[in-house]
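Quick mapping for you: the protein sequence lines, in order, are chains A and B. Residue numbering for the first sequence follows the numbering used here, beginning at 121 and increasing consecutively. Residue numbering for the second sequence follows the numbering used here, beginning at 121 and increasing consecutively. Structure, as structure tokens:
There are 2 protein chains.
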Amino acid sequence: MINKSSPIPIYYQLEELIKDQIEKGDLKPGAALPPEREYAETYQISRMTVRQAFTKLVNDGYLYRLQGKGTFVAERKVEQGLQGLTSFTEDMRARGLEPGSQLINFEVISAPVRIAKYLSIEEGSPVYEIKRIRLADQVPMALETTYISVDKVKGLTKEIVNRSLYEYIEGTLGFKIDHAKQIIESSVANQIESEYLSIKEGAPIMLIQRNTYLEDETPIEVVKSSYRADRYKFMIDMKR
Amino acid sequence: MINKSSPIPIYYQLEELIKDQIEKGDLKPGAALPPEREYAETYQISRMTVRQAFTKLVNDGYLYRLQGKGTFVAERKVEQGLQGLTSFTEDMRARGLEPGSQLINFEVISAPVRIAKYLSIEEGSPVYEIKRIRLADQVPMALETTYISVDKVKGLTKEIVNRSLYEYIEGTLGFKIDHAKQIIESSVANQIESEYLSIKEGAPIMLIQRNTYLEDETPIEVVKSSYRADRYKFMIDMKR
DNA sequence: GAGTGGTCTAGACCACCCC
DNA sequence: GGGTGGTCTAGACCACTCC
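Here it is as structure tokens:
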């Protein structure tokens, strides 16, 4: 199960192995895992390496530890907010909905002052402005506008946007998206939003602004979304 | 600076030391820290111990690492969402507002089915129902109702609630609050909410339900809050 | 090649829980 | 007392970055 001569780190292999067992149901919520020392013995690896894998799984919410007692499988977070940052597509799939998208605008504009500030670029620099209606099971879920610096992300096209923006940024360009700051507020739909989202003017909506960053804190993307409040709830798990 | 004979773990002492330096400005955002090996040498501790402290600070968003280059201080998250779970009081203080509270109801009721389910107790078991108007700079910010199992948290009184509920649960009772699931949605104020929050009926509000858990996943508290949308935004930092 | 973080080992002792 | 996780050591070699 563990390949010590593989270039894949041992702690990562063990992590995936345990995640698999949890997802398959071999390890059930609340059940105690074999002790760290037993994993070390079984796979002939150091206990510190086992702890590295365990620690990651605890941070990601798969396991929890009780001193003197053992390590246990956490309750399933079914229908719970995803841990970590996800794309709209991943988010909808996790909710059991079929994601869809309708591009309504794709152009290069001069960065307005606020967008420039968020992206740490000069005011007036070229940025892509991508406006989309996001669908879930063919029904409008959100109106979304994405701003990306042309200088940082070159070669973006309508086709790429329609396929997968994140895949292009992470896969093709090799950037590592690391984290995002999100600001969530409640509001009511204006005329434009009500039209695109097929709701009444004045109906409640949830505004989410997301600023996305790479590992070294370079801002890579700003997304402003208006979600239909009757269809969308934001769920999240926070550590103390 | 580091006391090796102290009962406080070395990695934790180092963590606090570096956090202090960042907060004091001795270490500025973007600046490279001395290499791990240098810390180990300076304080005569193992490099693994230094890494343990660094790893925690990276996870908490204070530092970031670039392989082959070094470890750096992350950008300030001033006026950004707090990392982690905070009380209303902590939240308001972080926003530079003076928190306040007005108790409007404190009683023991029979748990309704939904509350019982969230708290993992029998329907009809006794629960405290605590209704409060939460103030920021003396102005209503949110209407908040808290449900807590009487069997799990004994001896709760109005006085304790007015002082600090979390301090009682964590300090006096010794429970360790570990994480919380939050569900955020947009809505409009009904008659009761509009009255307590001093806003018009139909004005946008943000509903937040928080289910709080201990380390071993025991639910300890359910809080339902209605925040004034004109005064409150929810900010959060998420890892990919 | 020198310096950085990334991974890994084979031990050790401590603190806490439960019998 | 025996088993668990929590902390710590003193090394090692690898991968990556920069000169």
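Note that beta-carbon positions come from the ideal geometry of N, C-alpha and C, so glycine has one too.
Practice task
Report the partner residues of B/M326 according to the DSSP bridge assignment.
Solution key: For B/M326, the beta-bridge partners assigned by DSSP are B/S306, B/Y347.
Practice task
Pick helix, strand or coil for A/Y184, following the three-state DSSP scheme.
Solution key: In the three-state DSSP reduction, A/Y184 falls in the strand class (E or B).
Practice task
Answer yes or no: do A/I319 and A/R348 have a C-beta to C-beta separation smaller than 8 Å?
Solution key: Result yes, Cβ atoms of A/I319 and A/R348 sit closer than 8 Å.
Problem - Reduced DSSP category for B/L285 - H, G, I as helix; E, B as strand; rest coil - result: In the structure shown, the three-state DSSP call for B/L285 is helix.
Exercise for the section: Return the chain-ordered list of same chain residues with a C-beta closer than 8 Å to the C-beta of B/V198, the five sequence neighbours on each side being excluded. Expected result: Reliability fails at B/V198, whose pLDDT of 38 lies under 50, so the model's placement of it is uncertain and no value is given.
Handout entry: Segment limits, alpha helix (DSSP H) that includes A/K144
Key = Per DSSP, A/K144 belongs to the alpha helix (DSSP H) from 130-144.
Problem - For B/D357, the first and last residue of its enclosing beta strand (DSSP E) - result: Where B/D357 is concerned, the enclosing beta strand (DSSP E) stretches over 354-359.
Practice task
Please name the residue in B/L327, B/F295, B/T191, B/N310 whose C-alpha comes closest to that of B/I303.
Solution key: By alpha-carbon distance to B/I303, the top candidate from B/L327, B/F295, B/T191, B/N310 is B/L327.
Problem - B/S307: contacting residues in chain A (beta-carbon distance under 9 Å) - result: Correct list: S306, P324, A349.
Problem - Within-8 Å CB hit, A/M212 to chain B - result: Not closer than 8 Å to any Cβ of chain B, the Cβ of A/M212 fails to qualify, so no.
Problem - Proximity test, Cβ basis, 8 Å: B/K344 and chain A - result: So no, B/K344 is outside the interface.
Problem - Classification of A/V247 by the beta-carbon crowding that lies within 10 angstroms, buried from 16 upward - result: Buried: at least 16 other Cβ atoms inside 10 Å.
Problem - Range covered by the beta strand (DSSP E) that runs through A/R254 - result: Unbroken beta strand (DSSP E) run through A/R254: 246-256.
Exercise for the section: Would you mind sorting B/P339 into buried or exposed? The rule is 16 or more other CB atoms within 10 Å of its CB. Expected result: Buried.
Exercise for the section: Please determine, among A/L293, A/L147, A/A262, the residue with the shortest C-alpha to C-alpha distance to A/K274. Expected result: Answer by Cα proximity: A/L293.
Exercise for the section: For B/L186, decide whether its Cβ has a neighbour in chain A, counting only Cβ atoms nearer than 8 Å. Expected result: Interface annotation, B/L186: in contact with chain A, CB-CB separation under 8 Å.
Handout entry: Cutoff 6 Å; reference B/L276; Cβ partners in own chain excluding five residues on either side
Key = Contacts found: Y248.
Exercise for the section: Would you kindly work out how many angstroms separate the C-alpha atoms of A/T209 and A/E136, rounded to a whole number? Expected result: Whole-angstrom Cα-Cα distance: 23 Å.
Problem - Contact with chain B by A/M261, beta-carbon distance below 8 Å - result: The beta carbon of A/M261 sits no closer than 8 Å to any beta carbon of chain B.
Problem - Local Cβ density within 10 Å of A/N310, reported as buried at 16 or more and exposed below that - result: Exposed: under 16 other Cβ atoms inside 10 Å.
Handout entry: the segment 166-175 of chain A in contact with the segment 127-143 of chain A per 3-pair CB rule at 8 Å
Key = Contact holds: three or more Cβ-Cβ distances are below 8 Å.
Handout entry: Counterpart residues of A/K269 in DSSP-defined beta bridges
Key = Rather than Lys, the amino acid found at residue 269 of chain A in this sequence is Ser. The partner list for A/S269 (beta bridge, DSSP) reads A/V247.
Problem - Identity of the residues DSSP links to A/Q222 by a beta bridge - result: Looking at the DSSP output, A/Q222 bridges to A/I253.
Practice task
Leaving out five residues on either side along the sequence, give the residues of the same chain with a beta carbon under 6 Å from the beta carbon of A/N123.
Solution key: In its chain, beyond the 5 residues on either side, no residue has a beta carbon closer than 6 Å to the beta carbon of A/N123.
Problem - Cβ of A/N310 within 8 Å of any chain B Cβ - result: Chain B, which has no Cβ nearer than 8 Å to the Cβ of A/N310, makes this no.
Problem - Within 8 Å, strictly: CB atoms of A/A236 and A/E227 - result: Not a contact, by the Cβ cut-off of 8 Å.
Practice task
Compare the Cα-Cα distances from A/D146 to each of A/I356, A/F192, A/R252 and report the closest residue.
Solution key: The shortest C-alpha separation from A/D146 is found at A/F192.
Handout entry: Three-state secondary structure assigned by DSSP to B/S314
Key = Looking at B/S314 - three-state DSSP - the assignment turns out to be helix.
Problem - According to DSSP, residues forming a beta bridge with B/A300 - result: B/A300 pairs with A/M358, B/T332.
Exercise for the section: Consult DSSP for B/M121 and reduce its assignment to one of helix, strand or coil. Expected result: When DSSP states are grouped into helix, strand and coil, B/M121 belongs to the coil group.
Exercise for the section: Tell me whether A/L217 sits in a helix, a strand or coil according to DSSP, three-state version. Expected result: Here A/L217 sits in coil by DSSP.
Handout entry: Span of the alpha helix (DSSP H) around B/T162
Key = Residues 156-163.
Practice task
For the beta strand (DSSP E) holding A/F192, just list the boundary residues, first then last.
Solution key: If you look at A/F192, you'll find it in the beta strand (DSSP E) that goes 190-193.
Practice task
Identify the contact partners of B/E264 in chain A, using a Cβ-Cβ distance below 8 Å as the criterion.
Solution key: Within 8 Å Cβ-Cβ: nothing; B/E264 doesn't reach chain A, min ~16 Å.
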